[in-house]
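**Student:**
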Amino acid sequence: MSSYWTPYAWLPDGCQAGVSFDVEQGRFAQVRAGVAPGAGQEILSGVTLPGLANGHSHAFHRGLRGRTHAEGGTFWTWREQMYGLARRLEPDSYLGLARAAFAEMAQAGYTAVGEFHYLHHDQEGRAYADPNAMGHALIQAATEAGIRLTLIDACYLAGGLAATGHLSLDPVQTRFADQDVDHWADRVGSLKAGDQVRVGAAVHSVRAVPAKALNKIAETAGERPLHVHLSEQPAENAATQAFYGRSPTELLDDHGLLGPRTTAVHATHLTDTDIKALGNTQTSACFCPTTERDLADGIGPARRLADSGSPLTLGSDQQAVIDPFEELRGLEMHERLVTGERGRFTPSDLIMIASETGYRSLGWPEGGRIVNGALADFVVVRADSVRTAGAHPDQLAYAATATDVDQVVIGGQVIVRDGRHRLGSPAELLTAALDQLGKA
Ligand SMILES: [Zn+2]
827 MSSYWTPYAW
837 LPDGCQAGVS
847 FDVEQGRFAQ
857 VRAGVAPGAG
867 QEILSGVTLP
877 GLANGHSHAF
887 HRGLRGRTHA
897 EGGTFWTWRE
907 QMYGLARRLE
917 PDSYLGLARA
927 AFAEMAQAGY
937 TAVGEFHYLH
947 HDQEGRAYAD
957 PNAMGHALIQ
967 AATEAGIRLT
977 LIDACYLAGG
987 LAATGHLSLD
997 PVQTRFADQD
1007 VDHWADRVGS
1017 LKAGDQVRVG
1027 AAVHSVRAVP
1037 AKALNKIAET
1047 AGERPLHVHL
1057 SEQPAENAAT
1067 QAFYGRSPTE
1077 LLDDHGLLGP
1087 RTTAVHATHL
1097 TDTDIKALGN
1107 TQTSACFCPT
1117 TERDLADGIG
1127 PARRLADSGS
1137 PLTLGSDQQA
1147 VIDPFEELRG
1157 LEMHERLVTG
1167 ERGRFTPSDL
1177 IMIASETGYR
1187 SLGWPEGGRI
1197 VNGALADFVV
1207 VRADSVRTAG
1217 AHPDQLAYAA
1227 TATDVDQVVI
1237 GGQVIVRDGR
1247 HRLGSPAELL
1257 TAALDQLGKA
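As structure tokens, then:
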């Protein structure tokens, strides 16, 4: 058992002073506020946050950071560059990139990640000897990096959607695609959960999955999280409208895919009807503000979705930035730019979105909050850095960056201490992974 005291911690009812807690068998116990430190307790200086969830990640996109800006372009030209990287990865290089990305996430304060995984097969599009070789590389990477993982295995069947229907796969997309939805379901069925690993399912998008496969995916997901890229770009809406006469949200709704276990990723370009449908079904919406601005996607209707009943979550998506504070602030700041109002979300709202709601959307309802019996995942943020000095403890998240994360504990295990990951420097891991890829 370990016992801690911190001058400030975010508990479910807000930022509290003088908080003491124990960790027993990976869970919180004896959580108390308004107390002085006891003998033998480890003092966590700064502000202690519950574990922070990265609701949407493609780990290998970390290999693209700072390399895609020379030619301008759009989401679609960026996608060509991403495909260039996807074409070359093999299980060992995928492991190397993912380990570096997950270690960077943990060091930044993310304690759980939803890895939206679609790179399944070999360079010719054939199954590896282990059909889940790539998924197993992600599980190994997360385990070594110490981060809690939901492996969200995406079904991908078509090369895109035009007004006339779905397109055939191009050569790199054959790596993403299973033969049909039944083969996908069989493959996902053989993925095993572990202590810090759970399995979820995804519809890559309505571009990549014809409507006739949707029911089977929902059935395979069952009680587990079901994620889907939704209306990130106007072109997806236009093609879906042209072919189905429905919006992507309406199409998912028609097939019973919306609901409390479903997360719509991006949800950027929505109609009023879409917002109502997502809210009425309590479908979560995962915003990825640093990605959405990087890829020139647009600004989604975050406050309206929340008001309509959709829980919001946050993700780093394409890893242009790995910093939970940037995402959380991005959600609020984008709203400010659009509406001319400050405080569209309260500090409590933002912490809840980054922690408890995110955990729930990843299938860890017992985590993301500091209460007795919850998973002992927490993040200690320095309040004395050049960025955070002087900030009110309950507004620290508006000032902090990932660099201010001092300690990260996941399942009771110390993963980051004094700002350093137990595996060493994530930058060195990343450099080694890119070198390995360069030689492959
Ligand atoms: Zn994505």
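Positions 827 to 1266 (my numbering) are the ones given, in order, by the sequence shown.
No residue lacks a Cβ here, since even glycine has one placed at the ideal position from N, Cα and C.
State the DSSP-derived secondary structure class of R893, mapped to helix, strand or coil.
**Tutor:** R893 falls in the coil class under three-state DSSP.
**Student:** Below 7 Å, is the gap between the Cβ of H884 and the nearest heavy atom of ligand 1?
**Tutor:** Under cutoff, so the answer is yes.
**Student:** Going by beta-carbon coordinates alone, are T1139 and S1174 separated by less than 8 Å?
**Tutor:** Cβ distance not < 8 Å, so T1139 and S1174 don't count as in contact.
**Student:** Which of the three DSSP states is assigned to H946 in this structure?
**Tutor:** Residue state, collapsed to three classes: coil.
**Student:** Please find out if some non-hydrogen atom of ligand 1 comes closer than 7 Å to the beta-carbon of F901.
**Tutor:** Every heavy atom of ligand 1 is 7 Å or more from the Cβ of F901, so no.
**Student:** Starting from Y982, trace the alpha helix (DSSP H) in both directions and tell me its first and last residue.
**Tutor:** First-last for Y982: undefined, no H or E at that position.
**Student:** Under 8 Å: do the stretch 1228-1244 and the stretch 964-973 share three or more Cβ pairs, one atom per stretch?
**Tutor:** With a cut-off of 8 Å, the stretch 964-973 and the stretch 1228-1244 count as touching, because enough Cβ pairs lie within range.
**Student:** Helix, strand or coil for I1148? Go by DSSP, reduced to three states.
**Tutor:** Of the three classes helix, strand and coil, the one that applies to I1148 here is coil, per DSSP.
**Student:** Drop a sphere of 10 angstroms on the beta-carbon of A989, count the other beta-carbons inside from all chains shown, and report buried for 16 or more, exposed for fewer.
**Tutor:** A989 should be labelled exposed.
**Student:** Whole angstroms are fine: how far does the CA of I965 sit from the CA of L977?
**Tutor:** If I take the Cα positions, the gap works out to 8 Å.
**Student:** What residue does the beta strand (DSSP E) around P833 start on, and which one ends it?
**Tutor:** Start and end: S828 to L837.
**Student:** Between which two residues does the beta strand (DSSP E) holding T1088 run?
**Tutor:** Per DSSP, T1088 belongs to the beta strand (DSSP E) from T1088 to H1092.
**Student:** Would you mind sorting K861 into buried or exposed? The rule is 16 or more other CB atoms within 10 Å of its CB.
**Tutor:** In the sequence as presented, Lys is not what sits at residue 861; that position holds Val. Its Cβ having fewer than 16 others within 10 Å, V861 is exposed.
**Student:** For the stretch 1029-1043 against the stretch 1055-1069, do three or more pairs of beta-carbon atoms, one drawn from each stretch, fall closer than 8 Å, so that the two count as touching?
**Tutor:** Verdict: yes, contact present.
**Student:** Using three-state DSSP, classify D1210 as helix, strand or coil.
**Tutor:** Correct three-state label for D1210: coil.
**Student:** Compare the C-alpha of R905 against each of D1120, E941 and G1048 and name the closest.
**Tutor:** Answer by Cα proximity: D1120.
**Student:** Shorter than 7 Å, the distance from the beta carbon of H1055 to the closest heavy atom of ligand 1, or not?
**Tutor:** Within the cutoff, so yes.
**Student:** Starting from the C-beta of L1255, find all residues in its chain whose C-beta is less than 7 Å away, skip the five residues before and the five after it, and write them out in chain order.
**Tutor:** Taken in chain order, the residues that qualify are R925, A926, A929 and L1249.
**Student:** Name the one or two DSSP bridge partners that N880 has.
**Tutor:** Beta-bridge pairing links N880 to V939.
**Student:** Assuming A1223 and L1157 form a contact by the criterion Cβ under 8 Å, report the distance between their Cβ atoms to the nearest whole angstrom.
**Tutor:** Rounded, the Cβ-Cβ distance is 11 Å, inconsistent with contact.
**Student:** Counting only runs of 3+ residues fully inside the stretch 1209-1244, write out the beta strand (DSSP E) ranges in chain order.
**Tutor:** Counting whole runs of 3 or more residues, the stretch 1209-1244 contains the beta strand (DSSP E) stretches 1231-1236 and 1239-1243.
**Student:** Please report the Cβ distance between A934 and D1149, rounded to the nearest whole angstrom; I am assuming they are in contact, meaning their Cβ atoms lie under 8 Å.
**Tutor:** Right, the Cβ-Cβ distance comes to about 5 Å (below 8 Å), so this counts as a contact.
**Student:** Should F1113 be counted as a contact of ligand 1 given a C-beta to heavy atom distance under 7 Å?
**Tutor:** Not so, every heavy atom of ligand 1 lies at least 7 Å from the Cβ.
**Student:** Any idea if N1106 is buried or exposed, counting beta-carbon neighbours within 10 angstroms, 16 or more meaning buried?
**Tutor:** Exposed, since its Cβ has fewer than 16 Cβ neighbours within 10 Å.
**Student:** Helix, strand or coil: how does DSSP classify R1246 here?
**Tutor:** In this structure, R1246 counts as strand in the three-state DSSP scheme.
**Student:** If you measure between the beta carbons of V1091 and I1043, is that distance less than 8 Å?
**Tutor:** In this structure, I1043 does not lie closer than 8 Å to V1091 by Cβ.
**Student:** Could you tell me which uninterrupted beta strand (DSSP E) segments, each at least 3 residues in length, are contained entirely in the stretch 1001-1036, listed from first to last along the chain?
**Tutor:** Complete beta strand (DSSP E) runs here, min 3: 1023-1029.
**Student:** Taking contact to mean 3 or more Cβ pairs, one atom from each stretch, closer than 8 Å, check whether the stretch 887-903 and the stretch 1186-1201 are in contact.
**Tutor:** In short, these stretches do not touch, since the Cβ pair count stays below three.
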